[in-house]
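Note that this note's numbering has the first sequence beginning at 567, numbered continuously upward.
For every residue, glycine included, the Cβ atom is placed at its ideal position computed from N, Cα and C.
Remarks on the structure that follows.
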Amino acid sequence: MRYILEEYIDLKQIAESGQCFRWRMGPNNEYLVIAGDKYAYIKADYEGESTIIEIECDKKNDNFWTHYLDLETSYSDIRSKIMKKDRFLGLAADNRSGIRILNQDPWEMLITFIVSQRKNIPAITACVEKLSVAAGQKIGKARSGEDIYSFPSPEALAGLSIDDLNACSLGYRSKYIKRAAEDVLGGMTDLDALSHLDDEALHAALCELYGVGVKVANCVVLFGYHRLNAFPIDVWIERVLTEHYPEGFPFKRYSPYCGVMQQYLFSYYRDTHK
DNA sequence: AGGCAGGTTCTTA
DNA sequence: TAAGAACCTGCC
């Protein structure tokens, strides 16, 4: 399927933005993207101001992928809220204008960001992949010939022992993952029901989960529930705030899109402070 | 060899 | 209520 839109979209920027960990770059800047129990090959070409997105997937999943990429949202409109005098954000946003906040699954985000604590991106990627091989299902074959595994269901994850989880290099996070899986499976935690809560209540509810603190909860709110105002503060964003916003970040000004601004800041700052 | 990486929990004052 | 230590693992 081809999709043309009047916005700049940069798959590489998205793949490296730290919101998704199952994008694999292949030849010609084409990505194999796995989300939940689906996968697609996605590439982008450019014509003037337009981006042409090409998605190769099961026909019945066309809508899933256009929504996944958040193609219905205008990010240039969001960027137009950036104040001229906010030079650092302006620079970051200009530089990272191809980033979008994907529509990802709350369950997958919950587990992924529990995994993420005190890990760098390559380590997170490796863990998520090991988890998927250990408890996911084969859903197809990549062009490379490798099997593609779905992200594990709560039931499948709950079925793993602590030893199985440790084998995925989860370390002390194994017990968090196990508990989260058991709670979701048993209905103690109803991730669908949480979607009815407002941002603040949603964040608070997620913080109740074992192994989920303020930062991870914010990532789940932003990436799993697509609440674009959520603003996760990790060590990188902490540095941005200290260096560039000593008087405080203008949250009110950028509401309800603070999370989008956070992504621009995070991606740009991290790349320029390697 | 020791420190640190996109945090959270547990312990201690 | 708040600071500090401990926590798995892999990589520099």
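Cα-Cα separation between residue i and residue j, rounded to whole angstroms
i	j	result
PRO593	GLY752	43 Å
GLN670	TYR791	7 Å
PHE654	ILE690	28 Å
ASP764	GLY711	44 Å
GLY706	ASP713	6 Å
LEU637	TYR738	38 Å
ASP643	LYS744	41 Å
TYR776	PHE797	21 Å
VAL801	LYS609	32 Å
THR755	GLY702	21 Å
LEU736	TYR574	37 Å
ASN732	SER740	6 Å
GLY725	ALA747	9 Å
ARG684	SER698	20 Å
Cutoff 6 Å; reference residue i; Cβ partners in own chain excluding five residues on either side
i	result
HIS769	ALA783, VAL787
CYS773	ALA783
SER682	ILE690
GLU596	TYR607, LYS609
Residues bridged to residue i (per DSSP)
i	result
TYR607	LEU598, GLU622
GLU613	SER616
MET591	TYR597
ARG706	Per the sequence shown, residue 706 should be read as Gly rather than Arg. In the DSSP output, where bridge partners are listed per residue, GLY706 has ILE714.
LEU571	THR617
Cut-off 7 Å between Cβ atoms - residues of its own chain near residue i, not counting five sequence neighbours on either side
i	result
TYR820	LYS647, MET827
TRP631	ALA606, ILE621, CYS623
SER616	ILE570, LEU571, GLU572
GLY810	Reading off the sequence shown, one finds His at residue 810, where the question assumed Gly. Excluding positions up to five away in sequence, the list reads PHE654.
ASN795	ASP765, SER821, PRO822, TYR823, CYS824, GLY825
VAL778	ILE680, LEU772
The ligand PLP heavy atom lying under 7 Å from the CB of residue i
i	result
GLU638	The ligand PLP is absent from the structure shown, which contains no ligand whatsoever.
Residue environment, residue i, which counts as buried when at least 16 other CB atoms sit within 10 Å
i	result
ALA767	exposed
THR678	buried
SER640	exposed
VAL780	exposed
PHE817	exposed
ASP729	exposed
Counting Cβ pairs, one atom from each stretch, are 3 or more of them under 8 Å apart for the region 594-612 and the region 716-727?
-> A contact between stretches requires three or more CB pairs, one per stretch, nearer than 8 Å, and the region 594-612 meets this requirement with the region 716-727.
Is the region 754-774 touching the region 670-680, taking contact as three or more C-beta pairs under 8 Å?
-> The answer is yes - the region 670-680 touches the region 754-774, with three or more Cβ pairs under 8 Å.
Does the region 580-592 come within contact of the region 830-838, defined as at least 3 CB pairs closer than 8 Å?
-> Taking one beta carbon from each stretch, the region 580-592 and the region 830-838 have 3 or more pairs nearer than 8 Å; the two touch.
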